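Presented below is the structure to which this report refers.
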Amino acid sequence: MTHKTTPKHEPHHGTMASYIVGFILSLVFTLIPYYLITHKSFGRNELLATILGFAGLQMVVQLFFFLHLGREKKPHANAQFLLGTVGIIFVVIGGSIWIMNNLHYNMAGMQVMDKVASDEALYEVNGKQTGTCSAGTGTNYKVTITNNMATPNQINAHLCDTITFMNYDSTTYDIGFGTAQNPKLYAGESDMTAYGNHNNPLRLTELGTHTFYDTKENKLTGSFTVAK
Amino acid sequence: METKHRLEAEEAAYDDRVGFGFWVYLMTDLLMFSVLFATFSVLRDNTAGGPTGSELFKLPGVLTETLILLTSSFTAGLGMLAARRGSKSQVLTWFGLTFALGIAFLFFELKEFAEIIHEGYSWHSNAALSSFFVLVGTHGAHILSGLLWMGTTLVFVWKRGLDSNLVRKLSLLSLFWHFLDIVWIFIFTVVYLMAFV
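Just so you know, the protein sequences line up as chains C and B, in that order.
Oh and the first sequence: position 1 is 0 in numbering that gives the first Met the number 0, straight run, nothing missing.
Oh and the second sequence: position 140 is 139 in numbering that gives the first Met the number 0, straight run, nothing missing.
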């Protein structure tokens with residue numbers, strides 16, 4: 000054994016000063032993200048990126064000041080091992096989130112499908128229009144329902160306009176499209192529910208002239224024309 | 000003199016081997032935690048109609064836990080400095096303080112669990128809470144085992160005094176303790192803070 004060793008074995012430990020600096024930094028890097036979260040300082044994505052950034056800084060502080068990483072003798076086996084581990088962690092966590100988000104996206108129910116359609120700005124899905132009009136656009140036409148009568152019962156509108164059925168009756172009506180003898184679909188829907196004492200919006204996403212009727216008593220009837 | 004140097008060098012080489020072996024253990028433990036983090040990240044919104052994290056968690060309590068654990072990491076570091084100086088009484092003081100802070104941390108964590116259960120939710124409620132309890136509970140179990148390890152080592156230090164064997168044990172223990180601190184930082188950020196984004 001002719002290995003040269005330093006007479007006094009002084010591996011990687013800290014000093015009082017380095018522990019104090021590390022401690023203060025770790026407190027700062029905890030309190031800042033806590034403050035940002037409790038005060039909702041920025042938008043969602045910025046906030047997310049910032050607090051994860053502080054967690055990363057915090058980790059570096061802990062590794063450097065408390066675990067004395069990188070201050071060991073060469074060949075820095077511990078640091079290399081950590082680097083490899085961090086690589087695997089990114090694959091495991093990043094991969095899981097990525098795959099499961101896709102799974103969620105592709106196997107979701109109706110509600111999420113609508114969101115998917117609107118996210119991807121699909122105008123049609125399976126030949127049916129999806130109702131993708133950007134929010135807040137178009138004119139709003141008001142149809143008042145009193146005593147099972149709609150006024151006005153004829154509306155000329157354009158694509159992406161809205162008809163709001165203001166139902167002043169306490170009864171909830173099931174408003175079907177087409178006629179009682181010949182029910183039809185409007186934008187893929189056979190009917191809409193007009194809740195009693197509520198405003199019930201219908202987004203006009205399909206062109207043409209359409210009729211509607213009350214599926215129970217067939218008293219409330221009307222029509223609307225949707226032009227380009 | 001020559002023999003003394005040779006013995007010191009051998010002991011240092013042994014310390015390095017043991018240290019590296021323990022580091023490998025810590026990294027595998029980190030991989031286990033990363034799988035639990037991945038599970039939690041995927042399931043965090045699957046509350047099955049139950050309350051979300053922001054309705055269930057109380058941030059001031061979590062901040063208290065975090066500050067306690069950070070401080071305990073600091074006192075463990077000071078204990079380690081005392082161990083290298085060979086000061087038995089300071090080792091007992093600083094690690095004793097670390098031990099007490101560890102107990103306090105566990106107390107606050109169990110209190111939080113008890114409050115969630117008292118509100119009528121548990122790991123049975125939904126996938127989000129299952130993954131929450133497994134992730135945070137696994138960290139808590141590590142803290143508990145760290146405390147048992149610390150307690151027995153301190154009894155040995157107290158009875159036998161500081162020998163090189165015990166200093167090595169203390170250095171591995173403090174490594175373990177700082178490591179748990181890092182894992183907690185990510186629990187604090189990913190589980191608690193991100194619930195309020």
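Just so it is clear, CB atoms sit at the ideal spot from N, CA and C, and this is done for glycine as well.
Keep in mind the model is a prediction, meaning the values are calculated, not measured.
The Cβ of B:Ala37 sits closer than 8 Å to at least one Cβ of chain C. Here B:Lys110 carries a helix assignment [DSSP, helix/strand/coil]. B:Leu66 and C:Thr14 have their alpha carbons spaced roughly 22 Å apart. With contact defined as three or more Cβ pairs closer than 8 Å, the region 145–160 of chain B and the region 50–70 of chain B are not in contact.
Each residue's CA atom was taken as its position, placing C:Gly221 and B:Val135 some 60 Å apart.
A straight line joining the alpha-carbon of B:Leu30 with that of B:Asp162 spans about 33 Å. Under the criterion of beta carbons closer than 8 Å, C:Thr210 and C:Thr178 qualify as touching, at roughly 6 Å. Taking the beta carbon of C:Gly86 as reference, no residue of chain B falls within 8 Å; the closest one sits roughly 11 Å away.
Leaving aside the five residues that flank C:Ala149 on each side, the residues in its chain whose CB is nearer than 6 Å to its CB run, in chain order, Val142, Leu219 and Gly221. With fewer than 16 other Cβ atoms from the protein chains shown falling within 10 Å of its own Cβ, B:His123 counts as exposed. Residue pairing by DSSP places C:Pro200 opposite C:Thr163 in a beta bridge. Secondary structure in the region 27–95 of chain B: the alpha helix (DSSP H) runs of 4 residues or longer, each lying completely within the stretch, are 52–55 and 58–84 in chain order. Excluding its 5 nearest sequence neighbours in each direction, C:Leu68 has C-beta neighbours in its own chain below 6 Å: Leu62 and Ala78, listed in chain order.
The three-state secondary structure of C:Met106, taken from DSSP, is coil. Annotation: the continuous alpha helix (DSSP H) that includes B:Met149 extends over Ala126 to Arg159. Interface criterion met: the Cβ of B:Trp22 is under 8 Å from a Cβ in chain C. Annotation for C:Ser222: the continuous beta strand (DSSP E) segment containing it runs Thr220 to Ala226. Around the beta-carbon of B:Asp44, fewer than 16 other beta-carbon atoms lie within 10 Å, marking it exposed. Sequence-distant Cβ neighbours of B:Ser173 in its own chain, meaning closer than 8 Å and more than five residues away, are Ala75, Gly76, Gly78 and Met79. Inter-segment contact for the region 155–164 of chain C and the region 192–204 of chain C is present: three or more beta-carbon pairs are separated by less than 8 Å. Boundaries of the alpha helix (DSSP H) harbouring B:Lys168: Ser163 to Phe185, taken from the DSSP string.
Bounds of any beta strand (DSSP E) do not take in C:Tyr185, whose DSSP letter is neither H nor E. Around the beta carbon of B:Asn125, 16 or more other beta carbons sit within 10 angstroms, so the residue counts as buried.
For C:Ala54, the closest Cβ of chain B is nearer than 8 Å. At the C-beta level, C:Tyr172 and C:Ile144 come within 8 Å of one another. Between C:Tyr104 and chain B, the shortest Cβ-Cβ separation is not below 8 Å.
Apart from sequence neighbours up to five positions away, the residues of its chain that approach B:Leu96 with a beta-carbon distance below 6 Å are Thr74, ordered along the chain. DSSP, reduced to helix, strand and coil, places C:His75 outside both helices and strands of the structure shown, so it counts as coil.
By the neighbour-count criterion, in which 16 or more other beta carbons inside 10 Å mark a residue as buried, C:Gln57 falls on the buried side.
By the Cβ neighbour-count rule, B:Lys110 is exposed, with fewer than 16 other Cβ atoms within 10 Å of its own.
Contact annotation: in the region 124–141 of chain B, no residue has its CB less than 7 Å from a CB in chain C. CA-CA distance, B:Gly160 to B:Ser88, rounds to 9 Å.
In this chain, the alpha helix (DSSP H) harbouring C:Gln57 covers Arg43 to Val60.
Per the C-alpha coordinates, the member of B:His138, B:Ser33 and B:Ala194 positioned closest to C:Phe89 is B:Ser33. Residue contact check for C:Ala48 against chain B: no CB pair falls below 8 Å. Taken in chain order, the members of the region 23–34 of chain B whose beta-carbon sits within less than 7 Å of a beta-carbon on chain C are Val23, Met26, Leu29, Leu30, Ser33 and Val34.
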